[in-house]
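Chains A and B are the protein sequences, given in the same order. If you read the first sequence in the numbering used here, its first letter stands for residue 8, the second for the next number, and so on. If you read the second sequence in the numbering used here, its first letter stands for residue 237, the second for the next number, and so on. Virtual Cβ for every residue (Gly too), placed ideally from N, Cα, C. Since the structure is predicted, the reported quantities are computational estimates derived from the model, not experimental observations.
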Amino acid sequence: MLNRVAIAAASVLAFAAATAGASAQTYTAPTAAPRTTDAAALAAQARQREVHERFDRGVGAEERGDWSAAATEFRRLIVLDPPEPKGSTARYDLALAEIHLGHLDAAAALLEEALHRDPRFAAAAANLVAVHLRRNDLGAARAAADRFVAFAPESALALYGRGIVALRAGDFAAARSDFRKLIDTDPSYAVAHYDLALVELRAGRDDAARTELEHALALSPAYARARFALGTVLMRGGKRADARVAFDRCARDAADPALRALAIDLRDRL
Amino acid sequence: MRILRRSAIAVVLALGACIGAAAGAEMLLDDPAASLVDSAPAGWLGPITESGRTGWNCAPEHAATARTASAAALPHD
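Take a look at the structure:
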């Protein structure tokens, strides 16, 4: 009899322990059931659901580098025409897929559309400048860069992009101004000193170029292209021995085989 | 005859290439600054999710408006 009571008590205790655990478990809230039978409302809900799914699949495809699959999802998303900011985001994401598929003209058009929908979409503005630079369309790149700097005047990407465009177009005053602003904002960025040095070199100001290259190399001693540029400035100034040392160091630091071969060639000719 | 003509053309082209390369190297020695190239365009900013730009954690937008080169993922060389 006592034995049965003990077994019953143990069973009650075991049940209590099991139910205590279960009561501590949390459940996610169920998805709200559609409380309508209206055909238009149901169609709108279905469209929202599809927008959500297409974004998930498209971004997932981009993250694993499946650009064709991503493009398919975002093309359909644009047909669905979601409200802002999803509409401009879909165009931005499709542009990214088109870039990787080699369709730079299509990407530029999509980024323009994204910026038309949201004129302060900074990521779209940044990628548009880079697309036009790769298309070698300096006029379009300058227009895109001017627009980007106008709404994000302190953005490092905006200043860098416009500086590169201006340097390539031979607008040394604009390039100097943008690289100088970038250096004022972030003095530790060696590449801005290098590009500013190119501006000064092309403008015939070799002393200013040398100063900027020395800054770049103080920040990044193994910066081979800056070392090569310093060698050229020294050579132009008649300092052949110093130039030889610079080309020799460049030959040791350069990861780019073409730059290394050029540095070796110049070192051996001095 | 045809083979001879083809061989002659090949020799002339090869000589031309050698003379061109030598002239290029000499020009480079005169002004090596002509071989300097500006740094690369910025890399692509990545994908943005459905809620990315309505939330606070949109990495491409943060990079596009960042003030420092490292936060903007600008080229290193």
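For A:Arg169, I'd like the list of residues in its chain whose CB is within less than 6 Å of its CB, leaving aside the five on either flank, ordered along the chain.
Ala152, Val156, Asp185
Looking only at its chain, what residues have a beta carbon closer than 8 Å to the beta carbon of A:Phe158, apart from the 5 residues adjacent to it on each side?
Pro126, Arg127, Ala129, Ala132
Restricting to runs no shorter than 4 residues, where is the alpha helix (DSSP H) found entirely within the segment 144-225 of chain A?
145-158, 163-176, 179-192, 197-209
Identity of the residue in A:Leu122, A:Ile171, A:Leu164, A:Arg209 nearest A:Leu145 by Cα:
A:Ile171
Please state whether DSSP places A:Arg42 in a helix, a strand or coil.
coil
Interface residues of chain B around A:Lys93 at Cβ under 7 Å?
Glu286
Given this structure, state the Cα-to-Cα distance separating A:Lys61 from A:Phe81, to the nearest angstrom.
Residue identity check: residue 61 of chain A is Arg in the sequence provided, not Lys. Using only the alpha carbons, I get a separation of about 7 Å.
Using a 10 Å radius around the Cβ and a threshold of 16 neighbouring Cβ atoms, would you call A:Asp286 buried or exposed?
What is shown of chain A runs 8 to 277, which leaves residue 286 of chain A out entirely.
Using the three-state DSSP reduction, which class does A:Trp74 fall into: helix, strand or coil?
helix
Close Cβ partners of A:His200 (< 6 Å) along its chain, the five nearest in sequence each way excluded:
Glu219, His222, Ala223
Under 7 Å Cβ-Cβ, which residues of chain B neighbour A:Arg234?
Near A:Arg234 there are no residues of chain B at all, since even the closest Cβ is about 11 Å away, more than 7 Å.
If I measure Cβ to Cβ from A:Arg251 and keep anything under 7 Å in the same chain, skipping five residues before and after, which residues do I get?
Arg274, Leu277
Just to confirm my understanding: we take B:Ala299, look at its own chain, exclude 5 residues before and 5 after, and list those with CB closer than 8 Å. What are they?
Leu281, Ala307, Ala308, Ala309
Using a Cβ cut-off of 7 Å, pull out every chain B residue sitting near A:His59, in sequence order please.
Glu286
If you count every other CB in all the chains shown that lies within 10 Å of the CB of A:Arg149, and 16 or more means buried, which is it?
buried
Using a threshold of 7 Å, state whether the C-beta atoms of B:Pro277 and A:Val66 are closer than that.
no
Should A:Glu80 be flagged as near chain C, meaning a C-beta pair shorter than 7 Å?
Among the protein chains in the structure shown, which are A and B, there is no chain C.
Assign B:Ala257 to one of two classes, buried (16 or more other C-beta atoms within 10 Å of its C-beta) or exposed (fewer than that).
With a pLDDT of 40 at B:Ala257, under the threshold of 50, the predicted position of this residue should be treated as unreliable, and no value is reported.
Same chain, Cβ closer than 8 Å to A:Ser227, neighbours up to 5 away in sequence not counted:
Ala197, Ala233
When you compare each of A:Thr192, A:Pro92, A:Val86, A:Arg71 to A:His107 by their alpha carbons, which one comes out closest?
A:Arg71
Residue from A:Leu174, A:Ala163, A:Glu161, A:Tyr99 with nearest C-alpha to A:Val138:
A:Tyr99
Which residues in chain B have a C-beta closer than 8 Å to the C-beta of A:Ala62? List them in chain order.
It should be noted that the sequence gives Phe, not Ala, for residue 62 of chain A. What A:Phe62 touches in chain B: Thr285, Glu286.
Which residues of chain B have a Cβ atom closer than 8 Å to the Cβ of A:Val198, listed in chain order?
Ser275, Ala305, Leu310, Pro311, His312, Asp313
Our contact map puts A:Val206 next to A:Ala225 with C-beta atoms below 8 Å; I'd like the distance itself, whole angstroms only.
The pair is not a contact, with the Cβ atoms about 19 Å apart (cut-off 8 Å).
How close, in whole Å, do the beta carbons of B:Thr304 and A:Ala231 come, if the pair is a contact with beta carbons under 8 Å?
No, B:Thr304 and A:Ala231 are not in contact; Cβ-Cβ is about 23 Å, not under 8 Å.
May I ask you to report which of helix, strand or coil DSSP gives B:Ser271?
helix
Check for me: the alpha helix (DSSP H) holding A:Pro264 runs from which residue to which?
264-276
Answer with buried or exposed for A:Gly109, where buried requires no fewer than 16 other C-beta atoms within 10 angstroms of its C-beta.
exposed
Any Cβ of chain A within less than 7 Å of the Cβ of B:Trp280?
yes
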